[in-house]
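Worksheet for the structure shown next.
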Amino acid sequence: MRKPKVMISKCLNSEKCRYDGQGFDDKVIRSIREYIDIETVCPEVEIGLATPRDPIRIEKHENDLKLIQHNSNIDYSNEMYEFAEEFIKKVDDLDGFILKSKSPSCGIKDVKIYPKGQKCSISKNGNGFFAQKLIEKDFKILIENEGRLKNYILREEFLTKIFTLNRLKDCNDIKKFHENNKMLLKSYDSNSVEVLENLINNEKTHDLYINKVKEILNNKRSKTNKADIIKDVFNRYKNKLNKEELSYNDELVDLYINEKIPFSSLLVAIKIYALRFNDAELIKQTFFNPYPQKLVNIMDSGKGREL
Ligand code: SF4
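In terms of full-length UniProt numbering, the sequence shown has 261 at position 261, counting the first letter as 1, and numbering is strictly consecutive.
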């Protein structure tokens, strides 16, 4: 069986390729290793830099950004861009990237940019040189940094997307995929199910269906969208539940909306009803189990909730 395939910055995999000769034992990477096929890359080592090495950084030279080794003043911009372009040509069948934050090569949106030859940075919002090329390529897959994945909401979203893409690639019955993932896809785009159903009913449009699912997974799921689906499910059982249970369910949804409990808690509550009422249609929905249960972990940095 296929596992999701994710490319990560090599130093996050405890490999000692950083400029200071160290690596990171990243908790998130450690926890997903068993369930995901991990491939690694260290762009700085790939362009021939030694480990340990003098650090490199991004400098602004008039209108251009350059990748400079400050101590030697050597410019590695071209080497890094050329490596990234060659690397992109060979990337095949990936479901996501996890890159090291703040790195002048791998960082996304949080890399310091220095004025030419100066000590103090002018911005902390740049992309690393390697990451920039991946972003420009627009793979239509997730590119995340390990810092954001310490937040459980962002981690849930990342895992949900890569495992759904994996199910899509791994299935040999696309109609069954649609049946089982219908509710999950609806949580990304509530109008999507009708469009997808038109495509799935005609064998000639199955390729279009696959592309449409990938496109839908690129959307961001809002809390409201997810909460609406949960409310619909609670409603499904409204005639079978007593007043206290119904009010407790409303309370749970409010707690989720106000970020007091994670989404996975709501899924657990729903699953209990689905099992109690032997609701086969609901039990098979991946919406309730989008990725392996053992990866559910509410460990959270408490930062960066924005999707
Ligand atoms: S951040 Fe990227 S370039 Fe830097 S050591 Fe890690 S993998 Fe290599």
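Note that CB positions come from ideal geometry on N, CA and C, so glycine has one too.
Each of N235, L185, G128 and Y188 was checked against the Cα of N249, and the nearest Cα belongs to N235.
Remark: the shortest separation between the CB of V45 and any heavy atom of the ligand SF4 falls under 7 Å. Looking only at F287, Q22 and N13, the smallest Cα-Cα distance to E156 is reached by F287. A heavy atom of the ligand SF4 is found nearer than 7 Å to the CB of R18. Under the three-state reduction of DSSP, F97 is assigned to strand. Residue side-chain check: S103 places its Cβ nearer than 7 Å to a non-hydrogen atom of the ligand SF4. For E59, the CB contacts under 6 Å within the same chain, skipping 5 residues up- and downstream, are K66, I68, Y114 and K116 in chain order. For P115, the pairing in a beta bridge is given by DSSP as K60.
At a threshold of 7 Å, K112 does not count as near the ligand SF4, since its beta carbon sits no closer than that to any of the ligand's heavy atoms. The Cβ-Cβ distance between F130 and P43 falls below 8 Å. A residue is called buried once 16 or more other Cβ atoms fall within 10 Å of its Cβ, and Q22, having fewer, is exposed. At least one heavy atom of the ligand SF4 sits closer than 7 Å to the Cβ of C106.
For S9, the shortest separation between its Cβ and any heavy atom of the ligand SF4 lies below 7 Å. Nearest C-alpha to S105 among G126, A227, L94 and K271: G126. By the criterion of a C-beta distance shorter than 7 Å, L12 is surrounded in its chain by F24, D26, I29, I98, K100 and E146, once the five residues flanking it on both sides are discounted. Around the beta carbon of N191, fewer than 16 other beta carbons lie within 10 angstroms, which makes this residue exposed. For K271, the closest of I261, N219, E244 and V233 by C-alpha to C-alpha distance is V233. With fewer than three CB-CB distances shorter than 8 Å, the stretch 246 to 265 does not count as touching the stretch 194 to 207.
The residues F288, in chain order, have a CB closer than 6 Å to that of L267 in the same chain once the five nearest residues on each side in sequence are set aside.
Checking the DSSP bridge columns, you'll see G126 partnered with V111. Burial check for I216: the Cβ neighbour count within 10 Å reaches 16 or more, so the residue is buried. In the structure shown, M7 falls within a strand segment according to DSSP collapsed to helix, strand and coil.
Here L241 carries a coil assignment [DSSP, helix/strand/coil]. Secondary structure in the stretch 141 to 194: the alpha helix (DSSP H) runs of 4 residues or longer, each lying completely within the stretch, are 152 to 170 and 174 to 188 in chain order. In this structure, the alpha-carbon of S14 lies about 22 Å from that of R57.
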